[in-house]
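To keep things clear, I will list the structure first and then write my remarks on it.
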Amino acid sequence: MTRILPILSFSALLLACAARPVDDGLDGNASVSDSDEVVAGESSSSESESTGSESESTSSDSSSDSTESSSGDECVPPPKFDLPPDPNAPVPESCTNTKIGWDGLAVDFPDCMMCDVSFGCHYDVYLACVELGPGQTCEELCPSGNCGGFDWGMCVGEGSGWSNEPVEWCGPYLVDGQCCTAGQLLEYCAE
99 MTRILPILSF SALLLACAAR PVDDGLDGNA SVSDSDEVVA GESSSSESES
149 TGSESESTSS DSSSDSTESS SGDECVPPPK FDLPPDPNAP VPESCTNTKI
199 GWDGLAVDFP DCMMCDVSFG CHYDVYLACV ELGPGQTCEE LCPSGNCGGF
249 DWGMCVGEGS GWSNEPVEWC GPYLVDGQCC TAGQLLEYCA E
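Following our numbering, the numbering of the sequence shown begins with 99 at its first residue and continues without gaps.
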């Protein structure tokens with residue numbers, strides 16, 4: 099009987115570990131950590147009281163979350179346009195690219211301090227804009243400030259002659275309900 103008890107304890111431990119939820123970071127629910135696990139028969143009354151109060155607050159939190167977003171797309175994360183390059187990424191339909199020039203930069207975005215230092219190449223200023231999602235802010239949509247993403251050539255509109263990646267950029271700016279980034283793109287270089 100004493101040999102069977104350690105085997106049963108080990109089996110119970112394996113079963114408890116296998117049944118433990120995994121936190122993949124996608125659903126917002128935290129997994130049970132090792133410090134939260136209680137072996138059967140070892141919990142005190144204070145531990146069970148605190149666990150009960152935590153489960154009550156968790157259940158009330160989850161019920162308020164479910165009432166907030168009942169549109170059915172709560173599992174779909176909002177789009178972000180400044181993620182690392184994906185070779186199979188679709189062309190963003192809501193991304194636009196417009197040439198504003200150095201004068202447009204000075205008039206519309208006086209706080210943006212990009213300089214036209216060419217050294218044999220010609221640079222111009224473009225404005226890359228993306229549509230805001232419902233309840234979304236520019237800081238959420240473009241956390242790095244670059245709303246045109248990794249390749250401004252994928253945006254609809256005017257493009258640069260040589261480069262689709264800005265050398266410098268400022269932003270994000272809220273312009274006519276869109277999040278925009280002013281960026282310096284290479285036009286051409288003298289040979």
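Backbone N, C-alpha and C fix where the C-beta goes; we use that ideal spot for every residue, glycine too.
No experiment lies behind these values; they were computed from the predicted model shown.
Residue i - partner residues in DSSP beta bridges
| i | result |
| --- | --- |
| Leu-272 | Cys-277 |
| Cys-287 | Cys-219 |
| Val-254 | Thr-194 |
| Glu-266 | Gln-282 |
C-alpha distance - residue i paired with residue j, whole-angstrom precision
| i | j | result |
| --- | --- | --- |
| Phe-248 | Trp-267 | 12 Å |
| Thr-279 | Val-273 | 10 Å |
| Pro-264 | Met-212 | 11 Å |
| Lys-197 | Glu-256 | 6 Å |
| Asp-201 | Val-215 | 15 Å |
| Pro-241 | Gly-275 | 17 Å |
| Trp-250 | Thr-235 | 21 Å |
Classification of residue i by the beta-carbon crowding that lies within 10 angstroms, buried from 16 upward
| i | result |
| --- | --- |
| Pro-232 | exposed |
| Pro-270 | buried |
| Ser-155 | For Ser-155, the predicted structure reports a pLDDT of 42, less than 50, and the residue's modelled location is therefore unreliable. A value from the coordinates is still provided. By the 10 Å Cβ count, Ser-155 comes out exposed. |
| Gly-281 | buried |
| Gly-246 | buried |
message: To test your reading of the DSSP string, which unbroken alpha helix (DSSP H) runs of 4 or more residues are found completely within the stretch 211-250?
response: 236-239
task: Please confirm if the stretch 191-201 is in contact with the stretch 218-233, defined as three or more CB-CB distances below 8 Å between the two stretches.
output: yes
query: Is the stretch 216-223 in contact with the stretch 282-289, if contact means three or more CB pairs nearer than 8 Å?
result: yes
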